[in-house]
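S.K.:
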Amino acid sequence: MTDKSPINRRWLPLNALRAFEAVGRHSSFTAGGHALNVSQSALSRHVQTLEALLGCPLLIRHPHGLETTEAGRRLLPAISRGFDGIEREMNEIIRNRGRDRHLRTLRVHMPPSFLQQVGLPALKSFRREYPDIIIDVASSYVTGWPREEPDIAVVYDRPQAGQSVTDLLWMIHVAPACAPEIAREHEGKTLERFLRDTELLHVKLQGQARGLMWASYIRQRGLEVDTDRGLAFETASAATGYAMTGGGVALIDLVLFAQEIAAGRLVVPYPEPAEEGYGYFLTMRPEDMADPILALFRTWMIEHCARPEPPPLLRAAAAP
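In numbering that gives the first Met the number 0, the protein residues as written are 0 to 319.
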């Protein structure tokens, strides 16, 4: 095998990198060509040039489609991150052109229920302390890193290794919660009987069955309850809000809705929390760690979400 000279940024084949990134991202020469507004043959030549430069194939062409090789799978996310960063910063400069005070807009993403319960108070406090920092807030109910490519995001996800800088805010513990009058109406019943006799309120998870969260809780408790019935909501806040009207029982995050429990608007008649397997994580790209505004906001959010002790229900459950 012929040794290849080290790649030098002075000779980076930018057109070939753009071509491979478009084809790899869309898994198609046709779609990649449409994305860049160039012909398939031109894309193919660029990819072949890149493969020749590296001395190994990046794509395997099958009759039914394309497959990236191991080298292609390693290179593709690096190229995408690089181009995403260039695009992001150039658009940032254009958006902030002519502003005297700041050339930086902090783009934050939070899931809707987190934003409503925790994010809005945190942002209000942050703005009071740092009024000159420009902030754009986006919110969508997705699992993991959002498509909007923010600077920093609170993500709802399972713990997992990755290339992002991730700070755990808290792991989610859930328990059935309802309005006080519903708890009084069913007082004395077993948990199984209570869940059979009340309307179950679901929260939709992207790409998951509507009853997944309740089914997991029921399975952990060893109960027999039909989890296919009931109402399904887009957000945990909506499901919990409906529960507070007396409309049924919701499976709630005891940390996220601790204030509603403390105020008596929600009660947890069977205080035996279960681990959901998901948590809220503050996530950002490693290359942004040196950004002083991002570092400031990251520290602020971690301190805002830090709790000296868990909610009372979790303390009781953890007691020997």
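Backbone N, C-alpha and C define an ideal beta-carbon position, used for all residues, glycine too.
Hey, would you say D150 sits closer than 9 Å to D290, going by beta carbons?
M.R.: Yes.
S.K.: Taking just the CA atoms, how far does D131 sit from R100?
M.R.: Confidence at R100 is low in this model, with a pLDDT of 46, below 50, so its placement is unreliable and the value that follows should be read with caution. Taking the straight line joining both Cα atoms gives about 8 Å.
S.K.: Do you know how far the Cα of R106 is from the Cα of S124?
M.R.: 17 Å
S.K.: Could you tell me which whole beta strand (DSSP E) segments of length 3 or greater appear in the region 184-212?
M.R.: 199-202
S.K.: Please determine if the region 248-268 and the region 144-161 are in contact, where contact requires at least 3 C-beta pairs separated by less than 8 Å.
M.R.: no
S.K.: Which same chain residues end up closer than 8 Å to K203 when comparing Cβ atoms and leaving out the 5 residues on each side of it in sequence?
M.R.: Y140, R209, A231, F232 and E233
S.K.: In whole angstroms, what is the alpha-carbon distance linking V136 and H108?
M.R.: 6 Å
S.K.: The beta strand (DSSP E) that contains A152, what's its start and end?
M.R.: Per DSSP, A152 belongs to the beta strand (DSSP E) from I151 to D156.
S.K.: Rounded to the nearest angstrom, what separates P110 and Y216 at their Cα positions?
M.R.: Their Cα atoms are separated by approximately 22 Å.
S.K.: How many Å lie between M300 and R284 at the Cα?
M.R.: 16 Å
S.K.: According to the neighbour-count rule (16 or more other Cβ atoms, all chains shown, within 10 Å of its Cβ), is A318 buried or exposed?
M.R.: In this predicted model, A318 has a pLDDT of only 46, less than 50, meaning its place in the structure is not dependable; the value taken from the coordinates is given anyway. By the neighbour-count rule (16 or more Cβ atoms within 10 Å), A318 is not buried but exposed.
S.K.: Quick check on H108: does DSSP put it in helix, strand or coil?
M.R.: strand
S.K.: Could you check whether L190 and G229 sit closer than 9 Å to each other, using their CB atoms as the reference points?
M.R.: no
S.K.: Quick one: grab the DSSP three-state call for T29.
M.R.: helix
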